[in-house]
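Data first, discussion second: the structure below is written as structure tokens.
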Amino acid sequence: MTLILDVFTIAAVTVGVFFFVIAALAFLRFPDGLTRLHALTKVDNVGLGLIVFGLLPQAGSVMGALKLICVWLLVQFSGAIVTQLIARSTRREGQEA
Amino acid sequence: MASVFDVTLVCLILAVGAWSTFARLTFSAIVIFIVYGLLLSLAWVRLAAVDVALTEAAIGSGVTGMLLLNAVARLRSTDAAPTPSRSSVNIAAGVFCTLITASLAGLVLVPPQVPVSLAPSVMESLGQSGLGNPVAGVLFVYRSLDTLLEKVVLVLALIAVWSLAPDGLWGGKPALRPFPQRDSVLIFLARTVPPIGIMVGIYMFWVGADEPGGAFQGGAVLAAMWILVMIAGLAAVPPTSSHALRLALIVGPVVFLAIGILGIFLTGTFLAYPEGYAKPLIIAIEATLTVSIGVTLAMHVVGPPEKEWRS
Amino acid sequence: MAAAETSSIAGLLLVSVLILPVVGILAQLALGGRFLNWICLAVFPASFGVSAATCAVVWSHGEPLIYIVGGWQPPLGIALRADGISAAMMLVTAIIICAVAIFARVEFTQPSGAPEARAPFVFWALILALWSALNALFLGCDLFNLYVALELLTFAAVPLVCLKGGEATVKAALRYLLFALLGSMLYLMGTALLYGAYGTLDITLLAQRVHPERVTWIAAALMTVGLLTKTALFPLHLWLPPAHAGAPAAGSAVLSALVVKGSFFLIVRLWFDAMPGLGHTAGPQLLASLGAAAILFGSVMALRQQRLKLLVAYSTVAQIGYLFLMFPLAMAAEQSWTSLAWTGGWLQLFSHAFAKAAMFLAAGLIADALGHDRINDLGGAGRLRPLTFCTFGLAGLSLIGVPPSGGFVAKWLLLSASVAEGQWIWAAVIVVGGLLAGGYIFKVLGRAFTAGSDAPVIVTPVSLSREVVAFSLAVGAVLLGFFPLEPAEILQIGRPEILGSTVP
Amino acid sequence: MAIMNAITIFGLCAAALVGLGIFGLIVNPQPLRKILAINILGSGVFLMFGVIARRGAAAGLGGDPVPQAMVITGIVVAFSATALAVALLLRLVLVSGAATLEAEAEPSEKDGR
Numbered sequence: 001m002t003l004i005l006d007v008f009t010i011a012a013v014t015v016g017v018f019f020f021v022i023a024a025l026a027f028l029r030f031p032d033g034l035t036r037l038h039a040l041t042k043v044d045n046v047g048l049g050l051i052v053f054g055l056l057p058q059a060g061s062v063m064g065a066l067k068l069i070c071v072w073l074l075v076q077f078s079g080a081i082v083t084q085l086i087a088r089s090t091r092r093e094g095q096e097a
Numbered sequence: 001m002a003s004v005f006d007v008t009l010v011c012l013i014l015a016v017g018a019w020s021t022f023a024r025l026t027f028s029a030i031v032i033f034i035v036y037g038l039l040l041s042l043a044w045v046r047l048a049a050v051d052v053a054l055t056e057a058a059i060g061s062g063v064t065g066m067l068l069l070n071a072v073a074r075l076r077s078t079d080a081a082p083t084p085s086r087s088s089v090n091i092a093a094g095v096f097c098t099l100i101t102a103s104l105a106g107l108v109l110v111p112p113q114v115p116v117s118l119a120p121s122v123m124e125s126l127g128q129s130g131l132g133n134p135v136a137g138v139l140f141v142y143r144s145l146d147t148l149l150e151k152v153v154l155v156l157a158l159i160a161v162w163s164l165a166p167d168g169l170w171g172g173k174p175a176l177r178p179f180p181q182r183d184s185v186l187i188f189l190a191r192t193v194p195p196i197g198i199m200v201g202i203y204m205f206w207v208g209a210d211e212p213g214g215a216f217q218g219g220a221v222l223a224a225m226w227i228l229v230m231i232a233g234l235a236a237v238p239p240t241s242s243h244a245l246r247l248a249l250i251v252g253p254v255v256f257l258a259i260g261i262l263g264i265f266l267t268g269t270f271l272a273y274p275e276g277y278a279k280p281l282i283i284a285i286e287a288t289l290t291v292s293i294g295v296t297l298a299m300h301v302v303g304p305p306e307k308e309w310r311s
Numbered sequence: 001m002a003a004a005e006t007s008s009i010a011g012l013l014l015v016s017v018l019i020l021p022v023v024g025i026l027a028q029l030a031l032g033g034r035f036l037n038w039i040c041l042a043v044f045p046a047s048f049g050v051s052a053a054t055c056a057v058v059w060s061h062g063e064p065l066i067y068i069v070g071g072w073q074p075p076l077g078i079a080l081r082a083d084g085i086s087a088a089m090m091l092v093t094a095i096i097i098c099a100v101a102i103f104a105r106v107e108f109t110q111p112s113g114a115p116e117a118r119a120p121f122v123f124w125a126l127i128l129a130l131w132s133a134l135n136a137l138f139l140g141c142d143l144f145n146l147y148v149a150l151e152l153l154t155f156a157a158v159p160l161v162c163l164k165g166g167e168a169t170v171k172a173a174l175r176y177l178l179f180a181l182l183g184s185m186l187y188l189m190g191t192a193l194l195y196g197a198y199g200t201l202d203i204t205l206l207a208q209r210v211h212p213e214r215v216t217w218i219a220a221a222l223m224t225v226g227l228l229t230k231t232a233l234f235p236l237h238l239w240l241p242p243a244h245a246g247a248p249a250a251g252s253a254v255l256s257a258l259v260v261k262g263s264f265f266l267i268v269r270l271w272f273d274a275m276p277g278l279g280h281t282a283g284p285q286l287l288a289s290l291g292a293a294a295i296l297f298g299s300v301m302a303l304r305q306q307r308l309k310l311l312v313a314y315s316t317v318a319q320i321g322y323l324f325l326m327f328p329l330a331m332a333a334e335q336s337w338t339s340l341a342w343t344g345g346w347l348q349l350f351s352h353a354f355a356k357a358a359m360f361l362a363a364g365l366i367a368d369a370l371g372h373d374r375i376n377d378l379g380g381a382g383r384l385r386p387l388t389f390c391t392f393g394l395a396g397l398s399l400i401g402v403p404p405s406g407g408f409v410a411k412w413l414l415l416s417a418s419v420a421e422g423q424w425i426w427a428a429v430i431v432v433g434g435l436l437a438g439g440y441i442f443k444v445l446g447r448a449f450t451a452g453s454d455a456p457v458i459v460t461p462v463s464l465s466r467e468v469v470a471f472s473l474a475v476g477a478v479l480l481g482f483f484p485l486e487p488a489e490i491l492q493i494g495r496p497e498i499l500g501s502t503v504p
Numbered sequence: 001m002a003i004m005n006a007i008t009i010f011g012l013c014a015a016a017l018v019g020l021g022i023f024g025l026i027v028n029p030q031p032l033r034k035i036l037a038i039n040i041l042g043s044g045v046f047l048m049f050g051v052i053a054r055r056g057a058a059a060g061l062g063g064d065p066v067p068q069a070m071v072i073t074g075i076v077v078a079f080s081a082t083a084l085a086v087a088l089l090l091r092l093v094l095v096s097g098a099a100t101l102e103a104e105a106e107p108s109e110k111d112g113r
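Chains as they are written, first to last, in my numbering: chain A, 1 to 97; chain B, 1 to 311; chain C, 1 to 504; chain D, 1 to 113.
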């Protein structure tokens, strides 16, 4: 049983990390703020989600697992809003320029 | 396996630190510095110092980052054409710093045969205080004089920051640069996150007695929430002459000092806690300190009183 | 270290000198400007009384006063310890701070009925913080606790520099802060290394545990360089002249007379108490060489200044140099003359504190009265304000080392020690430094007492009480020369055996 | 021995950060960059405390809590220092219009009294 869970963890975290690497690459390669944001938001959400999902079996307790999910939810929430803010300020600066 | 992670982490810290030092734009340097702070907190976790990791992330990277970003936003117009120092100076400085690094590295590579540690004696008497977190024990029991003095430093530094206000504006409002226009998304964030943040802050202080956390980390989270609300324009920045503000600034140090003096009468010693009452008294100190630290950190970030900012 | 002393009433004196000024600051914030004058009226005499009482107790007991904070013995806890030199420093600090407070009363009074004003509120908070920090430095036994005290001192001193808010003073303050922060970080690095090697930061315990090995040398070097940055020993003095010259007169007096001595005191603690083995290295000679360079360079720079306050500030750079001559002389292997040098060094510190406070206050009075402090335009001003220039002259006598004055006895003791120990070079430096000091003092006095082409005019009248305060400090510097040997015994209280107790 | 190695690597990192911080402090002309450099220097010093704490792991603890507590105090003090330095810098820009410490040839020629 633990073996299956471990394999699951390794697989999920690996895929999650893969998404992060993609996001980092996109961040470096894309030309402007908006496209970079686009890449980051999509990939970060999935990446972090997968890592948290993969770590759930290792959390050890229900409280620990709940905390992990809370972390993920908070990042989802603040990430979505901060992305909005950055996008708006990028657009504003574009108009001013 | 552990070492691969550690080596990568250290390389990353050094690379990001160097990047922050040599980045062309000051703005980039500061953003990179915030990343650097977060990486450092990871290093602190690896060094089995979770309390420090939390403090580094909250204060060393978080609040300091806000402070520096605020500064660079105002300095942007002057961020032009730094005159590079002469190469002879650079070379001399390089040699000098390499020498320092090398001598320190030499010491690191030859650790003492018998590692020194006060951990056993800390644990031996920790039980008397009823605390479970040894770091909290050091901060509030064994070396409480340091902690008390450090609170005074924090308040004094705020008076020092305020002292930079022009004469006529003393007691006025700090001019936190507001967001250009009332932004619905920001307001939404400032309405939804603070309840969670305040809960997290209080939780951090509350578990601090027994687990990693405490007044510093909790206070930093509270400060961040308050700043967020002020930036969004949901709450006005209080004038520095406000009585409530000043009471909030000093309530922590005053309670700390009062309990310290109480120790003289009850136990005969300054900053000693009467037997059996150590934990409740320390929690009282930490609770008030959390408020004071939160308010002081936030006021540090918003800066001295200034004329209203006009864009 | 007798545990019996942990809870004695006398030990509480040590706690009181630390927290009384802090209580003042907190009360200021709690009650606001309306009660500012009352708070000062309560806190200053109280702190002065406690400092004097501590000094009296140490002197009468003849042994150090120790207080274990919270009842936790070092290395786990923190101890406070008042030995002879800390008691003497506390008394000198209390006298000078209170004198400066009386001097500054006129300038920094919170006007009654008016809203809280910036300068008075900040000034008194900073002075109180400075006082607490200095006392913490004099009493501290734990190197990390001393670091916090050092930072408290820095954060109180820096805003004092730019209290007036001009461009040059803000620049000087920022520069001062950057230098000071570099200094504290180097000091802290050394602290870390010492803890890592010996498992304690308590000075008394360290003295028993340190070995002459690489980690000790590197830690000592880092800490000393860090503290020298804060003490402004040549060539790390760059920040000092603009900072000390830019502050308001009362601030300059405290900065020059006391603040730089705080970090110097810590260097002495490190070298003589925590790591006495350093005496066998080239360190003392190196420190004294830098001190000698500071004496010569600072004096020459002082001679070349056109502004009175800058001249006084450069004179501080020079006078700090004398303090470091104490190291090779008081740490010499041959011990018959070391206590002579020890007493001389401390006397130099005390007499410079009095003389320099008096001199900065006098310079401030001159600048206030004339509306400028250009030395070339002083012609004849001495006749207009005789008491102020008399103060300047008396303080100058002590700086030069003319008998009878505290400065004379101090320099004479150092001179005798260097001759007796055969370290002739320091004797030569002391003599040349005295001559140069004479040069810059008489440059000012000469201008002031010879009528110039256009007679100076008094722009603002200056109250006699402020002149009297400055004058009394100068008289204090001179009086130190009259009873040098008896109070010198207090400086031996709590000394390790090396220095012996033979006051000649 | 493996754990020793990991600690040593962090120790070397601390030593390098100290050098990097001092270098940045000397060569960067802009005050804000100097403030940043002092923070990097500080983090190196703190990390050294952390390494020493980790080497003192005993009594069931992962590290000696005494130096760890000192670092927490130190971080707060360093924050106060940064805040004061930034406030001074902003004030300097307000009164002089430029964020530079140079042109110090004529110190306090304007307000020497």
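C-beta atoms are modelled at their ideal positions from N, C-alpha and C, and glycine is treated no differently. Since we're looking at a predicted model, the values are computed, not measured.
Check: Please list, in chain order, all residues of the same chain as B/Leu126 whose beta carbon is under 7 Å from its beta carbon, the five residues on each side excluded.; Outcome: Pro134, Gly137
Check: Check the Cβ of D/Ile75 against every Cβ in chain F and list those closer than 7 Å, keeping chain order.; Outcome: Here chain F cannot be found, since the structure's protein chains are A, B, C and D.
Check: Less than 7 Å between the C-beta atoms of C/Pro120 and C/Phe108, yes or no?; Outcome: yes
Check: Kindly indicate which three-state DSSP category B/Val16 falls into: helix, strand or coil?; Outcome: helix
Check: Flag A/Ala97 as yes if its beta-carbon sits less than 7 Å from any beta-carbon of chain B, otherwise no.; Outcome: Confidence at A/Ala97 is low in this model, with a pLDDT of 48, below 50, so its placement is unreliable and no value can be given for it.
Check: Give the interface partners of B/Phe188 over in chain A, defined as CB-CB distance under 8 Å, in chain order.; Outcome: Ile81
Check: Could you tell me which residues DSSP puts in a beta bridge with C/Gly140?; Outcome: C/Leu80
Check: Is the Cβ-Cβ distance between C/Leu128 and C/Gly24 less than 7 Å?; Outcome: yes
Check: Quick check: is the beta carbon of B/Arg143 nearer than 7 Å to any beta carbon in chain C?; Outcome: yes
Check: Taking the straight line between their C-alpha atoms, what separation do you get for B/Tyr203 and B/Gly106?; Outcome: 42 Å
Check: Looking only at its own chain, which residues have a Cβ that is under 6 Å from the Cβ of C/Val468, when we skip the five neighbours before and after it?; Outcome: none
Check: If the cut is a Cβ gap below 8 Å, which residues of chain D does C/Val148 touch?; Outcome: Thr73, Val77
Check: Taking the straight line between their C-alpha atoms, what separation do you get for A/Asp6 and B/Asp183?; Outcome: 45 Å
Check: Does the ligand FMN have a heavy atom nearer than 6 Å to the CB of A/Ala24?; Outcome: The ligand FMN is not part of the structure shown, which contains no ligands of any sort.
Check: Roughly how many angstroms lie between the CA atoms of C/Ala410 and C/Gln305, to the nearest whole one?; Outcome: 26 Å
Check: Going by DSSP, what residue range makes up the alpha helix (DSSP H) through C/Tyr314?; Outcome: 308-330
Check: Which residues in chain C sit within 7 Å of D/Gly42, going by Cβ to Cβ distance?; Outcome: Met185
Check: Measure the CB-CB distance between C/Asp83 and C/Cys141 and report whether it falls below 7 Å.; Outcome: no
Check: Run through chain C and tell me which residues come within less than 7 Å of B/Asp312, C-beta to C-beta.; Outcome: Any answer about residue 312 of chain B is impossible in this case: the structure gives chain B only from 1 up to 311.
Check: For the pair the stretch 92-107 of chain B and the stretch 3-15 of chain D, tell me if three or more CB-CB distances fall below 8 Å.; Outcome: yes
Check: Expressed to the nearest angstrom, what Euclidean distance is found between the alpha-carbon atoms of C/Leu114 and B/Met66?; Outcome: Checking the sequence, you will find Ala at residue 114 of chain C rather than Leu. Spanning the two alpha carbons is a distance of roughly 36 Å.
Check: Throw me the rounded Cβ distance for the B/Leu249 and B/Thr296 pair, which I believe falls under 8 Å.; Outcome: 6 Å
Check: Given this structure, state the Cα-to-Cα distance separating D/Gly19 from B/Thr98, to the nearest angstrom.; Outcome: 6 Å
Check: Between which two residues does the alpha helix (DSSP H) holding B/Ile227 run?; Outcome: 215-231
Check: So if DSSP puts C/Ile68 in a beta bridge, which residue, or which two residues, is it bridged to?; Outcome: C/Ala79
Check: Got a sec, what are the start and stop residues for the alpha helix (DSSP H) A/Val15 sits in?; Outcome: 2-29
Check: Please confirm whether A/Val43 and A/Ala23 have their CB atoms less than 7 Å apart.; Outcome: yes
Check: Could you spell out the range, first to last residue, of the alpha helix (DSSP H) harbouring A/Ile45?; Outcome: According to the sequence as given, residue 45 of chain A is Asn; it is not Ile. Residues 33-55.
Check: Report the partner residues of B/Pro305 according to the DSSP bridge assignment.; Outcome: B/Pro174
Check: Are the stretch 416-432 of chain C and the stretch 326-339 of chain C touching, with three or more C-beta to C-beta distances below 8 Å?; Outcome: yes
Check: In terms of alpha-carbon separation, which member of B/Ala71, B/Gln217, B/Gly276, B/Ala43 lies closest to B/Val291?; Outcome: B/Gln217
Check: Looking at chain D, which residues of the stretch 184-213 of chain C have a Cβ within less than 7 Å of any of its Cβ atoms?; Outcome: Met185, Leu188, Met189, Ala192, Tyr195, Gly196
Check: Do the stretch 11-25 of chain B and the stretch 18-37 of chain D make contact, defined as three or more Cβ pairs closer than 8 Å?; Outcome: yes
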